[in-house]
Amino acid sequence: MSTQGRFVDGSAGAGAPARTKRWLVALDIDGTTMREDGVVTDTVIAALRDAEAAGHEVMLSTGRSEGMTVPLLDTLGIQPKYLVCANGALTLGRRPDGSYERVHVEQFDPSEVLRTIHGALENAAFGVEDQTGHFLLSGNFPDDTMTVAGEHVPFERLLGVEATRVVVISPGHDTEDFLQIVERMGLHKVSYSVGWTSWLDIAPEGVTKATAMERVREWLDIPRSRVFAAGDGRNDIDMLRWASTSGRGVVMGQAPEDVVDAGNELTGGVTDDGLAAALDSLPR
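Residue numbering for the sequence shown follows my numbering, starting at 90 and increasing by one per position.
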């Protein structure tokens, strides 16, 4: 189920210098813009700001919730018209005062998929995120922002919640084993991606970063030939393929092989400021 908010500030070419054809630049956060230790380097920040100053629409497209995404903009020093969160289930639009509101929300009832996974994976932990970014958690999650902000509840409390995202972790499996188990479950009614450490992100059916970015592209009236997306994880695969079709799908150097195959460009790793090098190649 989707809910559509009002259209926010989608005029084409606003603020773009006439000399530069504007690109839509969609950036994953973790492992792309930000290192694993939570640092965004000065080199990357400068590249982001320079790309925006050149007239390009630089935005974030992330698996993170709204509350874990919006505060990062102060560090980055950019003011995107839109933000894509929760792997495409949530799109935020910028208000005139600089705050953000939800302009498109995709939700689903995760009960069936939760029961399926719960029955197949012993000792797995489950998290259900709603459109406000609030998490209900069942099981043992690693200590991070999501866990601190989440509410720990019995598994049955997760059923029937209107969710934008479901997260499943299974510490007893490596990533490849986990992926095989998940594929055998036949999760055909939802979109899912597997992360680095047996971490499964489940979104509403047909919802990915790519579907959200295509919607934003249409709102901004930027041609497909001028889209640039950068990412490093399996939840970026659809977005990288989307960008690579006519534009630039830039894969970080440390990405696994199936992610590399989804893009049409390879840059340096996140620890080598690979994103900055790619951004610096945009037209000025």
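A virtual CB, placed ideally from N, CA and C, is assigned to each residue, including glycine. Please read these numbers as outputs of a predicted model, since none were measured by experiment.
query: So what does F224 bridge to, in DSSP terms?; result: E218
query: Between which two residues does the beta strand (DSSP E) harbouring T205 extend?; result: T205 -> not in any beta strand (DSSP E); alpha helix (DSSP H) instead, spanning 200-209.
query: Per DSSP, what kind of secondary structure is T334 in: helix, strand or coil?; result: helix
query: Taking F267 as the reference, which of V250, S287, N212, A209 has the closest Cα?; result: S287
query: Among M302, S282, L276, which one has its Cα closest to the Cα of A319?; result: M302
query: Does T334 pass the burial test, meaning 16 or more other C-beta atoms within 10 Å, or should it be called exposed?; result: exposed
query: Given a threshold of 16 other Cβ atoms within 10 Å of its Cβ, counted over all protein chains shown, does Q436 qualify as buried or as exposed?; result: Past the boundaries of the shown model lies residue 436; the chain is included only from 90 to 373, so the question cannot be answered.
query: Would you identify the three-state DSSP class for D163, choosing helix, strand or coil?; result: helix
query: Candidates P345, L248, P312, G187: which alpha carbon is nearest D111's?; result: This sequence places Arg at residue 111; Asp is not what is there. When only C-alpha atoms are compared, the closest one is P312.
query: So, are the CB atoms of C174 and L181 less than 9 Å apart?; result: yes
query: What is the C-beta distance between F244 and L113, in whole angstroms, given that I count them as a contact (C-beta under 8 Å)?; result: In fact, because the Cβ distance is near 40 Å, the residues do not count as touching under 8 Å.
query: Can the beta-carbon of T253 be found less than 9 Å from the beta-carbon of D198?; result: no
query: Under DSSP, the alpha helix (DSSP H) around A365 begins and ends at which residues?; result: 363-368
query: Can you list, in chain order, the residues of its chain whose CB lies under 8 Å from that of Q343, leaving out five sequence neighbours each side?; result: G120, D321, G358, V359, T360
query: One question on the structure: do A140 and V129 come within less than 9 Å of each other, judged by their Cβ atoms?; result: no
query: What residues match up with I326 in a beta bridge as DSSP calls it?; result: According to DSSP, which records beta bridges pairwise, I326 is partnered with nothing at all.
query: Label K278 either buried or exposed according to how many other C-beta atoms from any shown protein chain fall within 10 Å of its C-beta, with 16 as the threshold for buried.; result: exposed
query: Using a Cβ-Cβ cut-off of 6 Å (strictly less than) and excluding sequence neighbours within five positions of G74, which residues of its own chain qualify?; result: The structure shown has nothing for residue 74, since the chain only spans 90 to 373.
query: Distance check for G239 and L225, CA to CA, integer angstroms please.; result: 6 Å
query: Are there 16 or more other CB atoms within 10 angstroms of the CB of Q168, so buried, or fewer, so exposed?; result: exposed
query: Do G363 and A332 come within 9 Å of each other at the CB atom, strictly closer than that value?; result: no
query: Can you name the start and end residues of the beta strand (DSSP E) that L149 belongs to?; result: 146-149
query: Helix, strand or coil, according to DSSP, for L179 in the structure here?; result: strand
query: Within 10 angstroms of the Cβ of S314, are there 16 or more other Cβ atoms? Answer buried if so, exposed if not.; result: exposed
query: Taking the DSSP output, what are the residues bridged to L113?; result: E146, V316
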